[in-house]
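Participant: Let me begin by handing over the structure; questions about it come next.
There are 2 protein chains.
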Amino acid sequence: MTEAARPLRRNEIRQQNETLILRTAEKVFAEAGFGGATVQLIADMAGLPKANLLYYFASKEDLYRQVVQNIFEIWLDAAQSMDDAPGPIEGIGAYIDAKMEISRRHPDGSKVWASEVMHGAPFIQDYLETTLREWTTGRAALIQRWIDEGKMAPVDPEHLLYMLWATTQHYADFGHQIETLNGGKALSDAQWRAAKQSVKTMILRGIGAL
Amino acid sequence: MTEAARPLRRNEIRQQNETLILRTAEKVFAEAGFGGATVQLIADMAGLPKANLLYYFASKEDLYRQVVQNIFEIWLDAAQSMDDAPGPIEGIGAYIDAKMEISRRHPDGSKVWASEVMHGAPFIQDYLETTLREWTTGRAALIQRWIDEGKMAPVDPEHLLYMLWATTQHYADFGHQIETLNGGKALSDAQWRAAKQSVKTMILRGIGAL
DNA sequence: ATTTTAGTTGACCGAATGGTCAGGTTGTGG
DNA sequence: CCACAACCTGACCATTCGGTCAACTAAAAT
Chain A
50 MTEAARPLRR NEIRQQNETL ILRTAEKVFA EAGFGGATVQ LIADMAGLPK
100 ANLLYYFASK EDLYRQVVQN IFEIWLDAAQ SMDDAPGPIE GIGAYIDAKM
150 EISRRHPDGS KVWASEVMHG APFIQDYLET TLREWTTGRA ALIQRWIDEG
200 KMAPVDPEHL LYMLWATTQH YADFGHQIET LNGGKALSDA QWRAAKQSVK
250 TMILRGIGAL
Chain B
50 MTEAARPLRR NEIRQQNETL ILRTAEKVFA EAGFGGATVQ LIADMAGLPK
100 ANLLYYFASK EDLYRQVVQN IFEIWLDAAQ SMDDAPGPIE GIGAYIDAKM
150 EISRRHPDGS KVWASEVMHG APFIQDYLET TLREWTTGRA ALIQRWIDEG
200 KMAPVDPEHL LYMLWATTQH YADFGHQIET LNGGKALSDA QWRAAKQSVK
250 TMILRGIGAL
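Here the protein sequences come in this chain order: A and B. To convert, count from 1 in the first sequence and add 49; that's this note's numbering. To convert, count from 1 in the second sequence and add 49; that's this note's numbering.
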């Protein structure tokens with residue numbers, strides 16, 4: 050903290066402040082929603098004057114949009130873990146692992162995304178209609194192929210995807226509820242492992258892959 | 050609409066306005082979140098002056114609290130469907146049906162509840178710590194009994210409950226996403242039946258009850 | 001060394017916010 | 001018919017909102 054105040058180079062300053070603001074904004078948006086968050090609060094939490102924040106981001110909406118975009122990219126990265134797997138045990142197993150890890154490491158981003166979709170996706174409707182739609186139909190086809198090859202039971206691929214999304218994201222979006230039911234304490238490492246294992250076992254058995 | 054303007058009795062007026070406001074508020078809170086919703090907008094949507102709304106409800110927070118309480122009661126009612134069932138197929142099957150029906154009939158309430166929990170349950174933390182906690186431990190014990198009786202596989206009851214909540218509520222909370230992926234159209238009756246069937250089949254098989 | 005560009009910020013703005021209140025209207029019990 | 005209580009609402013208020021701007025400092029290019 051009390052570091053020798055080495056003079057910062059220009060692009061260092063820019064990048065440093067932008068990531069600081071983005072990280073802080075993610076947390077505030079997650080805690081209060083878009084409407085409930087205020088630029089002033091984000092600025093205070095980041096330790097910057099409001100005017101400085103608005104120097105880097107043109108508006109509250111601009112900042113919010115970038116936060117959502119960030120989490121969506123993380124989300125899409127995890128999605129790749131399902132590809133080039135020989136079958137559902139590896140593919141869906143890896144996908145569950147990846148999504149559970151996101152819920153653990155990026156709970157705020159997950160909440161922001163959930164909040165955005167829940168309120169009708171006013172800012173990212175185009176993402177849903179293009180990228181997400183293509184991804185979904187592609188993976189549904191992959192699952193259907195596994196079914197045709199007799200590697201799993203004939204379930205509706207879309208509802209399976211919904212179940213995967215719902216269950217894994219629940220650990221982030223409803224993390225506060227889970228924590229409360231856990232005696233007010235966040236899940237421990239062992240509990241996270243158990244959660245992953247439970248989810249994987251139930252779902253993989255549910256689709257007849259075990 | 051153009052009804053003979055029969056003079057309304059006092060308690061009729063009160064009850065009529067209160068339910069109108071509560072229903073409208075539920076929708077607005079679901080669409081915008083607590084922070085994003087404004088008393089003015091709720092009043093406009095209900096066709097009442099803002100001051101009149103604040104005559105019936107002392108504050109925005111008071112109104113919000115009652116909306117949350119309403120959905121929580123509906124939620125608890127559905128929970129009873131799991132009791133006095135001979136085994137998991139009937140008990141959990143009925144619970145899934147009930148929760149899916151809530152997602153379909155009360156999507157706004159479900160969203161308000163989700164939003165509240167996601168933002169750290171600032172208004173209903175006590176519910177989580179008392180009523181919800183008791184309900185959860187009770188049902189976990191019931192599930193454990195079924196396991197001990199050999200009626201289902203030995204899964205962690207709490208994670209099963211989370212999966213039930215997550216999956217069923219997903220159809221309400223992420224209804225917009227599902228609708229978008231469904232070509233922009235809401236799920237039809239047949240699609241809702243198929244959804245229920247998919248969820249029940251996957252989960253009941255997942256816990257070794259089928 | 002000087003000009004130019006990027007970063008910083010206190011002061012300010014119009015609009016909107018949640019909430020109040022005084023004074024009105026309208027059912028209702030006596 | 002009257003008086004009381006419940007219902008209604010336009011006008012108003014202090015505060016906060018997102019956003020602008022002019023003046024300033026500091027780094028980088030010439």
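Glycine is no exception: its CB is placed at the ideal position from the N, C-alpha and C atoms. Note that the structure is a prediction, hence the values are computed from the model and not measured.
Quick check: what's the CA-CA separation for R182(B) versus I70(A)?
Facilitator: As a first step, residue 182(B) is located in the second sequence; it is residue number 133 there, counting from the start. As a first step, residue 70(A) is located in the first sequence; it is residue number 21 there, counting from the start. Those two C-alpha atoms are separated by around 37 Å.
Participant: Expressed to the nearest angstrom, what Euclidean distance is found between the alpha-carbon atoms of A54(A) and L97(A)?
Facilitator: Sequence index remark: in the first sequence, residue 54(A) carries index 5 (1-based). Sequence index remark: in the first sequence, residue 97(A) carries index 48 (1-based). Residue placement at A54(A) cannot be trusted, given a pLDDT of 43 that sits under 50; what the coordinates show is reported in the next sentence. C-alpha separation (whole angstroms): 17 Å.
Participant: Relative to the C-alpha of D197(B), which candidate in A74(B), P137(B) and A100(B) has its C-alpha closest?
Facilitator: Numbered from 1 along the second sequence, position 148 holds the residue referred to as residue 197(B). The option with the nearest alpha carbon to D197(B) is P137(B).
Participant: What do you reckon, are the CB atoms on T229(B) and I145(B) nearer than 8 Å?
Facilitator: Taking the second sequence and counting its residues from 1, one reaches residue 229(B) at position 180. Taking the second sequence and counting its residues from 1, one reaches residue 145(B) at position 96. Contact flag unset, no.
Participant: From M94(A) to Q226(A), what does the alpha carbon distance come to, in whole angstroms?
Facilitator: On the first sequence, position 45 is the one that residue 94(A) refers to. On the first sequence, position 177 is the one that residue 226(A) refers to. Spanning the two alpha carbons is a distance of roughly 25 Å.
Participant: When we look at the beta-carbon of Y113(B) and count the other beta-carbons within 10 Å, is it buried (16 or more) or exposed?
Facilitator: For the purposes of this step, residue 113(B) is identified with residue 64 of the second sequence, where counting begins at 1. Flag for Y113(B) reads buried.
Participant: Roughly how many angstroms lie between the CA atoms of L90(A) and K99(A), to the nearest whole one?
Facilitator: In the first sequence, the residue the question calls residue 90(A) occupies position 41. In the first sequence, the residue the question calls residue 99(A) occupies position 50. Distance between the alpha carbons of L90(A) and K99(A) is about 9 Å.
Participant: Quick one: which chain B residues come within Cβ less than 9 Å of A100(A)?
Facilitator: In the first sequence, the residue the question calls residue 100(A) occupies position 51. Correct list: empty, because the minimum Cβ distance to chain B is about 23 Å.
Participant: Taking E19(A) as the reference, give the member of G257(A), L259(A), V248(A) and A258(A) with the closest Cα.
Facilitator: Residue 19(A) lies beyond the range of chain A shown here (50 to 259); nothing can be said about it.
Participant: Short check: CB of W162(A) to CB of I192(A), under 8 Å?
Facilitator: Locating residue 162(A) in the first sequence gives position 113, counting from the first residue. Locating residue 192(A) in the first sequence gives position 143, counting from the first residue. Cβ distance not < 8 Å, so W162(A) and I192(A) don't count as in contact.
Participant: Report the rounded CA-to-CA distance for G233(B) versus F223(B), giving the unit in angstroms.
Facilitator: Start at 1 with the first residue of the second sequence, and residue 233(B) comes out as number 184. Start at 1 with the first residue of the second sequence, and residue 223(B) comes out as number 174. For G233(B) and F223(B), the distance between alpha carbons rounds to 13 Å.
Participant: Using a beta-carbon distance cut-off of less than 8 Å, what residues from the segment 149-168 of chain B approach chain A?
Facilitator: Within the segment 149-168 of chain B, the qualifying residues are K160, A163, S164, V166, M167 and H168.
Participant: Can you list, in chain order, the residues of its chain with a C-beta nearer than 7 Å to that of W195(B)? Leave out the 5 residues immediately preceding and following it.
Facilitator: Within the second sequence, the letter at position 146 stands for residue 195(B). Counting only Cβ-Cβ distances below 7 Å, and skipping sequence neighbours, we find G136, P137 and M201.
Participant: Give me the Cα-Cα distance between L177(A) and A243(A), rounded to the nearest whole angstrom.
Facilitator: Position 128 of the first sequence, counting from 1, holds the residue named residue 177(A). Position 194 of the first sequence, counting from 1, holds the residue named residue 243(A). So the two alpha carbons sit approximately 32 Å from each other.
Participant: Which residue comes first and which comes last in the alpha helix (DSSP H) that contains N101(A)?
Facilitator: Locating residue 101(A) in the first sequence gives position 52, counting from the first residue. It spans K99 to Y105 - the alpha helix (DSSP H) in which N101(A) sits, taken as one unbroken run.
Participant: When DSSP labels each residue in this structure, what does G259(A) get in the three-state scheme?
Facilitator: Here the question's residue 259(A) lines up with position 210 in the first sequence. Checking the sequence shown, residue 259(A) turns out to be Leu, not Gly. The answer is coil: DSSP assigns L259(A) none of H, G, I, E or B.
Participant: Beta-carbon of L230(B) versus every beta-carbon of chain A: anything under 8 Å?
Facilitator: Within the second sequence, the letter at position 181 stands for residue 230(B). It does; some Cβ of chain A falls within 8 Å.
Participant: At a Cβ cut of 7 Å, what residues of the segment 194-205 of chain A count as close to chain B, listed as they run along the chain?
Facilitator: Residues passing the 7 Å Cβ filter: V204 and D205.
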